[in-house]
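**Q** There's a structure below that I have some questions on.
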Amino acid sequence: PYSSPTQVYSSYRDIILVGSGIGLTPSASILRSVLRHKWKKGYYPETIRFCWILRANEIDSFHWFIELLADLSERVASDRLSGAIDDSHYLELNIYVTGTDNSDLDVSTKSPRSKDAASGREKTGSTSISNREIHIDPNILRKKLLNPEIDSKDQPEVQIAETAAPNRMEDIWIWRGRPNWDTVFNSTQESIINRRKARGDHIALVQDESEVGVCFCGHPVIGKDLKKRCAKFTKTNDQMIKFTLNAEVF
């Protein structure tokens, strides 16, 4: 048995939030709560890597969620600009579109290169934020979802590239194909390690960073994959970083 993601997510400094199908409803609740309220009050989690897996023929069925992601990313960008949140708050909204040409091929299992998630934001190809009004058009986001340009196997290289990424709208990233969970888990692990190094903290003294909440709502097949990755990355890393699965399957 696992704990319900909606009940425990706020106890983690870092979370990987995964949603699919009707599991988007609890995912939406978590994202709304954190990005509209908790971050401004200094509550956990500080970093969120959200992964949404959907088929191309289901895009129009989830227009409500597309509008929500556009609104939330827009709010976060504005909050950064105004100083309501700082660089310790990291958001990554990954959308993986399957059912397009070649999207269901197995993605690469190579490990991504190291990057510091919080401090590396300007290197990920986002439109620079200056003294301007932030706006993300959900209709443009929908069009990008209907024709994703970048394969998910290229996620590590694209997210650390110096040039603008065509699949990015602020904190939203659009990928063609299924997620490579090793990429997501490794990126989370390395950002924690880099954060520790930047602060000069000894590993043993950073108890609140020693556990990552993997919060999943959706199909049990995805849950099984996440369970395997939690076990793999908890066992193989020597940085005292534990990945804990909290799941609701539908």
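Heads up, the sequence shown is in my numbering, so the first residue is 9 and it goes up one at a time.
Cβ coordinates follow ideal geometry from the N, Cα and C atoms, glycine included.
Just so you know, these numbers come straight off a predicted model, no measurement behind them.
(1) Using a threshold of 8 Å, state whether the C-beta atoms of Gly29 and Tyr104 are closer than that.
(2) Pick from Leu39, Ser90, Tyr98, Arg63: whose alpha carbon is nearest that of Ile142?
(3) Here's the rule I'm using: 16 or more other beta-carbon atoms within 10 Å means buried, otherwise exposed. How should Asn175 be labelled?
(4) Grab the span of the alpha helix (DSSP H) containing Glu219 for me, first residue to last.
(5) Taking the CB atoms as reference points, tell me whether Ser35 and Leu25 lie closer together than 8 Å.
(6) Helix or strand or just coil, what does DSSP make of Tyr10?
(7) Tell me where the alpha helix (DSSP H) around Phe5 begins and ends.
(8) Determine the DSSP secondary structure at Tyr17, reduced to helix, strand or coil.
(9) Thinking Ile180 and Leu39 are a contact (beta carbons under 8 Å), I'd like their distance in whole angstroms, please.
(10) I'd like to know whether the C-beta atoms of Cys238 and Pro13 end up nearer to each other than 8 Å.
(11) With which residues is Ser28 paired in a DSSP beta bridge?
(12) May I have the straight-line CA-CA distance separating Thr196 from Cys59, to the nearest angstrom?
(13) Sorted by chain position, which residues of the same chain lie with C-beta nearer than 7 Å to Gly107's C-beta, five sequence neighbours on each side aside?
(14) Compare the Cα-Cα distances from Asn147 to each of Ile230, Ile56, Tyr20, His71 and report the closest residue.
(15) Do you know how far the Cα of Met248 is from the Cα of Ser37?
(16) Which class does Thr252 belong to by DSSP, given the choice of helix, strand or coil?
(17) Use the C-beta contact count for His97: other C-beta atoms within 10 angstroms, 16 or more gives buried, fewer gives exposed.
(18) For Thr5, does the count of other Cβ atoms within 10 angstroms reach 16, so buried, or fall short, so exposed?
(19) By Cβ distance, which residues of its chain are closer than 8 Å to His227, with the 5 residues on each side in sequence left out?
(20) Flag this pair as yes or no: are the beta carbons of Lys48 and Ala92 separated by less than 8 Å?
(21) Between which two residues does the alpha helix (DSSP H) containing Asn155 stretch?
(22) Give the DSSP-derived three-state secondary structure of Asp233 in the structure shown.
**A** With the structure as the only source:
(1) Counting from one through the sequence shown, the residue named residue 29 turns up at place 21. Counting from one through the sequence shown, the residue named residue 104 turns up at place 96. Their beta carbons are not under 8 Å apart, which means Gly29 does not touch Tyr104 by this criterion.
(2) Start at 1 with the first residue of the sequence shown, and residue 142 comes out as number 134. Out of Leu39, Ser90, Tyr98, Arg63, Ser90 has the C-alpha closest to the C-alpha of Ile142.
(3) The residue you call residue 175 lines up with position 167 of the sequence shown. Label assigned to Asn175: buried.
(4) Residue mapping note: residue 219 aligns to position 211 of the sequence shown, counting from 1. That residue, Glu219, is in no alpha helix (DSSP H); its beta strand (DSSP E) goes 219 to 226.
(5) In the sequence shown, the residue the question calls residue 35 occupies position 27. In the sequence shown, the residue the question calls residue 25 occupies position 17. Yes, the pair counts as a contact, with Cβ atoms nearer than the cut-off.
(6) To locate residue 10, count along the sequence shown from 1; it is residue 2. Tyr10: coil per DSSP, three-state reduction.
(7) This structure leaves residue 5 out entirely; the chain is present only between 9 and 258.
(8) Reading the sequence shown from its first residue, position 9 is the one you call residue 17. Reduced to three states, the DSSP call for Tyr17 is helix.
(9) As a first step, residue 180 must be located in the sequence shown, where it is residue number 172. As a first step, residue 39 must be located in the sequence shown, where it is residue number 31. Separation of the CB atoms of Ile180 and Leu39 is rounded to 12 Å, and the pair is thereby denied contact status at 8 Å.
(10) As a first step, residue 238 is located in the sequence shown; it is residue number 230 there, counting from the start. As a first step, residue 13 is located in the sequence shown; it is residue number 5 there, counting from the start. Annotated as distal: Cys238 and Pro13, with beta-carbon spacing of 8 Å or more.
(11) Taking the first residue of the sequence shown as 1, we reach residue 28 at position 20. Residue pairing by DSSP puts Ser28 in a beta bridge opposite Ile61.
(12) By one-based count along the sequence shown, residue 196 stands at place 188. By one-based count along the sequence shown, residue 59 stands at place 51. One Cα belongs to Thr196, the other to Cys59, and the distance between them is close to 13 Å.
(13) Position 99 of the sequence shown, counting from 1, holds the residue named residue 107. Cβ within range, chain order: Arg63, Ala64, Asn65.
(14) Translated into the one-based positions of the sequence shown, residue 147 becomes position 139. Taking only the C-alpha atoms, the option nearest Asn147 is His71.
(15) Here residue 37 refers to the residue found at position 29 when the sequence shown is read from its first residue. Here residue 248 refers to the residue found at position 240 when the sequence shown is read from its first residue. Approximately 30 Å between the Cα atoms of the pair.
(16) Position 244 of the sequence shown, counting from 1, holds the residue named residue 252. Residue state, collapsed to three classes: strand.
(17) Taking the first residue of the sequence shown as position 1, residue 97 is located at position 89. Of the residues assessed, His97 falls on the buried side of the cut-off, its CB having 16 or more other CB atoms within 10 angstroms.
(18) Because the chain here runs from 9 to 258, residue 5 falls outside it and cannot be looked at.
(19) The residue given as residue 227 occupies position 219 in the sequence shown. These residues qualify, in order along the chain: Ser28, Gly29, Gly31, Val257, Phe258.
(20) As a working note, residue 48 is residue 40 in the sequence shown. As a working note, residue 92 is residue 84 in the sequence shown. A contact, by the Cβ cut-off of 8 Å.
(21) Within the sequence shown, numbered from 1, the residue matching residue 155 stands at position 147. Neither: Asn155 is in no alpha helix (DSSP H) and is coded neither H nor E.
(22) Reading the sequence shown from its first residue, position 225 is the one you call residue 233. Note: Asp233 maps to helix in three-state DSSP.
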